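Peer 1:
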Amino acid sequence: MASAYDTTDVPAPRPVSGEVVIRMAGVQKWYDSFHVLKDIELEVHKGERIVICGPSGSGKSTLIRCINQLEKHQKGTITVNGVTIDSAHRHLDQVRRDVGMVFQQFNLFPHLTVVENCMLAPMRVRGTSKQEARDIAMKYLARVRIPEQADKYPGQLSGGQQQRVAIARSLCMNPKVMLFDEPTSALDPEMVKEVLDTMIGLAEDGMTMLCVTHEMGFAKSVADRVIFMDRGEIVEQATPAEFFTNPKSERTRNFLGQILTH
Amino acid sequence: MIRAFSYNEFLFLLSAVQWTLALSAIAFIGGATVGLVIALARTSDIKAVRLAATGYIQLFQGTPLLMQLFLVFFGATVMGLDLNPWAAAALGLTLNASAFLGEIWRGCIQAVPRGQWEAASALGLRYPGLMRYVILPQAVKVAVPPTVGFLVQLIKSTSLAAIIGFTELTRAGQIVNNATFQPFLVFGIVAVLYFLMCWPLSLLSARLERRYALATR
Ligand SMILES: Nc1ncnc2c1ncn2[C@@H]1O[C@H](COP(=O)(O)OP(=O)(O)OP(=O)(O)O)[C@@H](O)[C@H]1O
Ligand SMILES: [Mg+2]
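In order, the protein sequences belong to chains A and B. Using our numbering, the letters of the first sequence map in sequence onto residues 4 to 265. Using our numbering, the letters of the second sequence map in sequence onto residues 30 to 246.
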């Protein structure tokens, strides 16, 4: 068991800036009577990379989807880049412009080509000209290393390629923080690495990242902090070194034990 | 005074086809315009809007088209409006078609996966842009076969306009029959003319459906 938590490859904690990009304070959410998020307290600093893990149904997706309000929370406050989410459309628009999201199922627009997928939001949300939007799109497609696929449709691409396009599409809006919801879970094993490598590249460039993932290798080598959720609560958060070698709670130990046996 | 059924009678029936087509076209264009609004209302986030659209659809789907035509035609007179049969038929059919198209298109909009709405919203697109650039282009592909199928229904429905006195194909058939007393021949020809209008559309609808099924396999 100890060998699986081998920490020799865990880097020393990086200093992160004090600037808070996301602050969740006392956030609660219910689906009808089901209490899915219980008093969530979370601060994400600029440049920080956080991995969220936990058993199925623990509320990981719900938590990150509250940040860009794909799900509404009922209590508490969520502040992104100084803007607190309320019922004003203006605030929601601002938050969504600052927050990029990558989904498990990619969710590319099937009726648009790869480059059009990337151009849509800059043109229709930011009012960027077509030429400029294309230049931006090609820049980020090059960055995820698939510029040659620009004029294909998503359906003609492999899963790994589609997920890289989805990442590029988000980057075209120049987000301050990127949310990932199990970005590699829907991929064939041989394609996981190309997506993780793209995410590592982003991390190296200083992107603030919040990733729901069960890729513990990624957590060890990239995360500044690992958050463990269970039954709607943040049970434990720690540096990867601490988290994997010296988990504090029983629930975390059980979870790590289960992940190990897979 | 019984006339024989001659080439002139046949030409009269043939020329009535254009009124059937014109009425169908108007009802389709009007119905599509209002129907899009109904479909959007039916899929709205706002409950009151959704309920109003549901009520509208149920009202028109739950009553006979003939009653709707009567109500528009005679209702206008009661309200002091002088609506000729042509306008009454066009209005009645437009309202009816909009309810049916609205319901068909609601299904097509909802057939676009949830993830598409979420991805577009996460990118910052607001409702109008999200609909226009992401949802509707995908919904249209699903919508074409059932819409063409509905057009066939609509062409046949225009025959009811005969009862409020609008001279389209069916009314023309009645007129010719009253003069010639050859119902089997006259209405046989009328039926063939309807068939010639509808059949190509039915074929098209079936073909589009097959093509769609292949594309989404
Ligand atoms: N729209 C909904 N209505 C009702 N319950 C929901 C809804 N969405 C999620 N839930 C429930 O909320 C809980 C948390 O869901 P969530 O998707 O956030 O979990 P998760 O940690 O992301 O799980 P997984 O690892 O399976 O993705 C689950 O029990 C789920 O069944
Ligand atoms: Mg999830």
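Note that the Cβ used here is the ideal one computed from N, Cα and C, for glycine as well. If you're wondering where the values come from, they're calculated on a predicted model, not measured in any experiment.
Mind pulling the chain C residues with CB within less than 9 Å of residue 150 of chain B?
Peer 2: Looking for chain C here will not work: the only protein chains present are A and B.
Peer 1: May I have a chain-ordered list of the alpha helix (DSSP H) segments no shorter than 4 residues that lie completely inside the stretch 176-232 of chain B?
Peer 2: Segments of the alpha helix (DSSP H) lying fully in the stretch 176-232 of chain B: 198-209.
Peer 1: Which parts of the stretch 139-200 of chain A are runs of the alpha helix (DSSP H), unbroken and 4 residues or longer, counting only runs that do not cross its ends?
Peer 2: For the stretch 139-200 of chain A, whole alpha helix (DSSP H) runs of length 4 or above, ordered along the chain, are 162-174.
Peer 1: If we cut at 9 Å on Cβ distances, does residue 130 of chain A have a partner in chain B?
Peer 2: Cβ-Cβ to chain B under 9 Å: no for residue 130 of chain A.
Peer 1: Over what stretch of residues does the beta strand (DSSP E) that includes residue 103 of chain A continue unbroken?
Peer 2: Where residue 103 of chain A is concerned, the enclosing beta strand (DSSP E) stretches over 102-105.
Peer 1: How big is the Cα-Cα spacing for residue 149 of chain A and residue 135 of chain A?
Peer 2: For residue 149 of chain A and residue 135 of chain A, the distance between alpha carbons rounds to 19 Å.
Peer 1: Give the residues of chain B in contact with residue 110 of chain A, contact being defined as C-beta atoms less than 7 Å apart.
Peer 2: Those are 144, 145, 147, 148, listed as they occur along chain B.
Peer 1: Residues in the same chain with beta-carbon distance under 7 Å from residue 138 of chain B, minus the five sequence neighbours each way, listed in chain order, please.
Peer 2: Excluding residues within five positions, the ones whose Cβ falls inside 7 Å are 68, 72, 164, 168.
Peer 1: Find the residues of chain B that neighbour residue 210 of chain A, judging by a C-beta separation of less than 8 Å, and give them in chain order.
Peer 2: Within 8 Å Cβ-Cβ: nothing; residue 210 of chain A doesn't reach chain B, min ~16 Å.
Peer 1: Relative to ligand 1, is the shortest distance from any of its heavy atoms to the C-beta of residue 138 of chain A smaller than 8 Å?
Peer 2: Not so, every heavy atom of ligand 1 lies at least 8 Å from the Cβ.
Peer 1: Near residue 180 of chain B, which residues of its chain fall below 7 Å by C-beta distance, leaving aside the five closest residues on each side in sequence?
Peer 2: For residue 180 of chain B, where only same-chain residues beyond five positions count, the Cβ hits under 7 Å are 57, 230.
Peer 1: Taking Cβ to Cβ, would you say residue 92 of chain A is nearer than 9 Å to residue 155 of chain B?
Peer 2: Yes, the Cβ-Cβ distance between residue 92 of chain A and residue 155 of chain B is below 9 Å.
Peer 1: Exposed or buried, which one is residue 224 of chain B when buried takes at least 16 other CB atoms within 10 Å?
Peer 2: Residue 224 of chain B should be labelled exposed.
Peer 1: To the nearest angstrom, report how far apart residue 4 of chain A and residue 250 of chain A are at their CA atoms.
Peer 2: Low local confidence applies: a pLDDT of 40 at residue 4 of chain A is under 50, so the model's placement there is unreliable, and no value is given.
Peer 1: For a test of your reading of the model: does the CB of residue 223 of chain A fall under 8 Å from any non-hydrogen atom of ligand 2? Yes or no.
Peer 2: Checking every heavy atom of ligand 2 against the Cβ of residue 223 of chain A, none is found closer than 8 Å.
Peer 1: Which term fits residue 243 of chain A, buried or exposed, when burial requires 16 or more other beta carbons within 10 angstroms of its beta carbon?
Peer 2: Buried, by the Cβ-count rule.
Peer 1: With DSSP as the reference, label residue 153 of chain B as helix, strand or coil.
Peer 2: In this structure, residue 153 of chain B counts as coil in the three-state DSSP scheme.
Peer 1: The alpha helix (DSSP H) spanning residue 60 of chain B covers which residue range?
Peer 2: Note, residue 60 of chain B: alpha helix (DSSP H), 36-71.
Peer 1: Would you kindly work out how many angstroms separate the C-alpha atoms of residue 226 of chain A and residue 39 of chain A, rounded to a whole number?
Peer 2: For residue 226 of chain A and residue 39 of chain A, the distance between alpha carbons rounds to 25 Å.
Peer 1: Determine the closest residue to residue 37 of chain A out of A:153, A:103, A:201, A:65, with distance taken between C-alpha atoms.
Peer 2: Checking every option, the nearest Cα to that of residue 37 of chain A belongs to A:65.
Peer 1: For the 8 Å Cβ check, are there 3 or more pairs between the stretch 175-183 of chain A and the stretch 95-106 of chain A?
Peer 2: They touch, by the three-pair rule.
Peer 1: Give every residue of the same chain whose Cβ lies closer than 6 Å to the Cβ of residue 124 of chain A, excluding the five residues on either side of it in the sequence, and list them in chain order.
Peer 2: Closer than 6 Å at Cβ, skipping near neighbours: 176.
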